[in-house]
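Asks: Each protein sequence line maps, in turn, to chains A and B. Quick note: the first sequence uses my numbering, first residue 134, plus one each step. Quick note: the second sequence uses my numbering, first residue 134, plus one each step. Where a beta carbon is used, it is the ideal one built from N, C-alpha and C, also for glycine. No experiment lies behind these values; they were computed from the predicted model shown.
Protein chains: 2
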Amino acid sequence: MGKEVGISTDDDRQFTPGLIKDARKLVDSYPRVPITVDCVIFGFEENDLKILLIRSDLEIFKGEWSLLGDFAADNEDLDEAAQRVLQQRTGMHDVYLEQVKIFSKPDRHPGGRVLTVAYCSLLSIEHIKLDKIENELHWHKVTEIKSMAFDHKEIMMECYRWLQKRIQEHPLGFNLLPKKFSLRELQNLYEAILNVKLDRRNFRKKFFSMDLLIDTGEMEDDVPHRPGKLYEFDFAKYENTKRRWTGIDF
Amino acid sequence: MGKEVGISTDDDRQFTPGLIKDARKLVDSYPRVPITVDCVIFGFEENDLKILLIRSDLEIFKGEWSLLGDFAADNEDLDEAAQRVLQQRTGMHDVYLEQVKIFSKPDRHPGGRVLTVAYCSLLSIEHIKLDKIENELHWHKVTEIKSMAFDHKEIMMECYRWLQKRIQEHPLGFNLLPKKFSLRELQNLYEAILNVKLDRRNFRKKFFSMDLLIDTGEMEDDVPHRPGKLYEFDFAKYENTKRRWTGIDF
DNA sequence: GCAAAAGTGTTATCATTACACCCATGG
DNA sequence: CCATGGGTGTAATGATAACACTTTTGC
């Protein structure tokens with residue numbers, strides 16, 4: 134390879150056979166498309182996984198629910214666009230947010246070709262005041278959503294599957310819970326998201342053996358049974374100890 | 134929720150307060166950006182993970198290597214655009230291809246804002262005739278690539294990490310090998326991609342216990358040592374038996 | 001016959017599963 | 001005192017990791 138590099142670089146310097154000088158002109162010749170971001174915002178409340186939706190404001194989707202989205206502004210990074218949408222709708226910033234997938238079917242939008250990038254966000258419902266009650270913004274149980282505007286049902290399902298997988302590999306769940314939570318709440322969260330029943334003792338053993346839960350010394354309050362301890366997740370310790378995994382499994 | 138739906142739908146039907154009738158007009162008001170696809174095409178040859186690159190044809194990146202990309206044509210689904218790029222450059226179609234991530238930093242392209250969607254592709258090098266030797270199209274060892282045009286190094290590394298993770302969870306590796314392969318080749322592949330040494334006996338045990346390798350009855354040929362058996366991967370059986378995994382691990 | 005890699009089993013350790021009783025609280 | 005869920009341990013099973021010698025081929 135070294136040899137090829139040498140030769141061709143020397144040749145090119147003399148003749149620059151077909152090199153393009155004006156990058157801007159090149160880019161100007163590309164077709165352009167509108168691009169939006171859509172946020173799938175998950176929350177957890179009363180043992181149900183929920184998602185934040187508004188009514189679509191398109192006549193053609195009248196009555197249908199829609200993800201929170203907006204087009205990307207000029208020169209706006211898409212991650213920032215997604216953060217902006219979240220901020221505008223929920224007042225939250227610095228929220229857990231991750232890019233999931235771009236959806237590009239040419240006919241996915243009735244107004245013409247629009248690409249959209251799906252972002253997944255997790256937030257603790259109780260911390261949020263939905264001060265903007267525009268378009269009936271509110272939480273819906275994931276399991277009860279029947280149809281949505283555009284291809285938003287498909288986008289939501291893709292993000293839901295993404296969440297199911299991610300939560301088993303990374304400590305995302307804590308973003309959905311209050312800062313202090315009981316082990317029962319944590320288990321309910323996993324059971325709701327994964328749609329399985331888990332053994333309570335094994336679940337506790339698993340989490341305690343990770344040694345990433347900090348006992349706050351506080352207890353649950355206002356529960357009609359023996360109160361449980363409240364824990365915090367030790368994000369700092371997790372960052373320092375996360376391990377490299379090599380195991381073939383399929 | 135049922136109640137709210139009923140009320141607001143009724144109201145809307147009467148007044149349609151702010152509903153947008155002309156979706157096309159709405160979309161026309163969105164800003165538009167050029168969008169490209171870039172293919173990170175992995176191959177495996179002589180125990181090295183390789184990637185297919187060309188010379189950048191931009192003056193500003195003279196001498197630098199570039200991923201294979203092209204802008205998305207009007208009304209072209211991005212998955213199809215990526216397939217098209219692959220087809221045009223390698224002559225292959227129906228190749229393993231998966232969307233990885235969209236890159237959207239406003240300054241990632243010197244000619245102005247261009248978004249790009251990274252696609253990861255895996256193919257068996259020996260099956261390919263690179264009939265188009267334009268722009269010095271050829272294979273490079275992943276470990277030896279120092280710098281690239283645009284943000285392509287970052288894109289490549291993102292796809293490499295993606296591959297390292299995916300190959301442990303899904304039988305992607307077989308796309309990088311010839312149809313018939315020895316267990317040693319398979320292990321070399323895993324070792325090259327994951328950058329680890331694996332125990333030969335445990336590796337064999339693991340794969341045999343999956344019971345997804347078909348003994349072809351054939352043997353290696355032209356090797357300067359005892360020849361190994363050749364196997365095929367049983368894709369059909371895999372599709373029928375892949376299992377649902379529930380294990381919390383982070 | 002020598003070099004090089006193929007092929008092959010056992011043991012120890014660790015993680016996962018299944019499972020049942022007493023305890024603390026609110027009502 | 002009753003209902004509800006909190007809190008706890010053990011035994012069986014299955015997966016993973018470590019480790020060495022014999023066999024087959026080309027040269």
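Please tell me whether residue 171 (chain B) and residue 285 (chain B) are closer than 8 Å, where the distance is taken between their beta carbons.
Replies: Yes, the Cβ-Cβ distance between residue 171 (chain B) and residue 285 (chain B) is below 8 Å.
Asks: Counting only C-beta atoms, is residue 245 (chain A) closer than 8 Å to chain B at any point?
Replies: Chain B, which has a Cβ nearer than 8 Å to the Cβ of residue 245 (chain A), makes this yes.
Asks: Exposed or buried, residue 329 (chain B), counting other C-beta atoms within 10 Å across all chains shown (16 or more means buried)?
Replies: Result: exposed.
Asks: Given that residue 174 (chain A) touches chain B, what residues does it touch there, using C-beta distances under 8 Å?
Replies: Per Cβ cutoff of 8 Å: no residues; residue 174 (chain A) is ~17 Å from chain B at best.
Asks: Can you pull the chain A neighbours of residue 286 (chain B), defined as C-beta to C-beta under 9 Å?
Replies: Within 9 Å Cβ-Cβ: nothing; residue 286 (chain B) doesn't reach chain A, min ~16 Å.
Asks: Taking the alpha-carbon positions, what's the residue 165 (chain A) to residue 250 (chain A) distance?
Replies: The straight-line gap from Cα to Cα measures roughly 16 Å.
Asks: Cβ atoms of residue 184 (chain B) and residue 273 (chain B): under 8 Å apart, would you say?
Replies: Yes, Cβ-Cβ distance for residue 273 (chain B) and residue 184 (chain B) is below 8 Å.
Asks: Taking the DSSP output, what are the residues bridged to residue 314 (chain B)?
Replies: Answer is B:364, bridged to residue 314 (chain B).
Asks: Could you pull the DSSP bridge partners for residue 273 (chain A) from this structure?
Replies: BP columns for residue 273 (chain A) point to A:184.
Asks: Could you tell me which residues DSSP pairs with residue 232 (chain A) in its beta bridges?
Replies: Per DSSP, A:252.
Asks: Expressed to the nearest angstrom, what Euclidean distance is found between the alpha-carbon atoms of residue 380 (chain B) and residue 181 (chain A)?
Replies: The straight-line gap from Cα to Cα measures roughly 20 Å.
Asks: Give me whichever residues DSSP pairs with residue 167 (chain A) in a beta bridge.
Replies: B:165, per the DSSP bridge assignment.
Asks: Looking at chain B, which residues of the region 199-222 of chain A have a Cβ within less than 8 Å of any of its Cβ atoms?
Replies: Listed by position, the residues of the region 199-222 of chain A near chain B (Cβ gap below 8 Å) are 204, 205, 206, 207, 208, 209, 210, 211, 212.
Asks: For a test of the three-state rule: what should DSSP assign to residue 306 (chain B), helix, strand or coil?
Replies: In the structure shown, residue 306 (chain B) sits in a helix (DSSP, three-state: H, G or I).
Asks: I'd like to check one pair, residue 241 (chain B) with residue 204 (chain B): are the Cβ atoms closer than 8 Å?
Replies: No, Cβ-Cβ distance for residue 204 (chain B) and residue 241 (chain B) is not below 8 Å.
Asks: Measuring CB to CB, does residue 173 (chain A) end up less than 8 Å from residue 289 (chain A)?
Replies: Yes; because the gap between Cβ atoms is below 8 Å, this pair is in contact.
Asks: Using alpha carbons as the reference points, say which of B:230, B:311, B:367 lies closest to residue 259 (chain B).
Replies: Residue B:311 is the option with its Cα nearest to residue 259 (chain B).
Asks: Would you grab the beta carbon distance between residue 255 (chain B) and residue 175 (chain B) for me? Rounded to a whole angstrom, and I think it's under 8 Å.
Replies: So it is a contact: roughly 5 Å between Cβ atoms.
Asks: In chain A, which residues lie less than 9 Å from residue 307 (chain B) when you measure between Cβ atoms?
Replies: Those within 9 Å of residue 307 (chain B) in chain A number zero; the least Cβ separation is about 11 Å.
Asks: Can you tell which of A:277, A:253, A:275, A:297 has the C-alpha that lies nearest to the C-alpha of residue 214 (chain A)?
Replies: It is A:253.
Asks: Mind checking who residue 178 (chain B) pairs with in its DSSP beta bridge?
Replies: Per DSSP, B:181.
Asks: Between residue 320 (chain A) and chain B, is the shortest Cβ-Cβ distance under 8 Å, so that the two count as touching?
Replies: No, no contact with chain B.
Asks: Whose C-alpha, out of A:237, A:337, A:227, A:267, is nearest the C-alpha of residue 199 (chain A)?
Replies: Residue A:267 is the option with its Cα nearest to residue 199 (chain A).
Asks: Listed in chain order, which residues of the region 295-306 of chain A have Cβ atoms closer than 7 Å to some Cβ of chain B?
Replies: So the list reads 301, 302, 303, 304, given in the order they occur along the chain.
Asks: Pop quiz: residue 218 (chain A) and residue 202 (chain A) are said to be a contact at Cβ under 8 Å. What is the actual Cβ separation, rounded to whole angstroms?
Replies: Indeed they touch by this definition, with Cβ atoms about 6 Å apart.
Asks: For a contact meaning CB atoms closer than 7 Å, what does residue 237 (chain B) contact in chain A?
Replies: What residue 237 (chain B) touches in chain A: 210, 211.
Asks: Short of 7 Å in beta carbon distance, which residues of its chain neighbour residue 337 (chain A), apart from the five on each side in sequence? Order them along the chain.
Replies: Within the same chain, residue 337 (chain A) has close Cβ partners 316.
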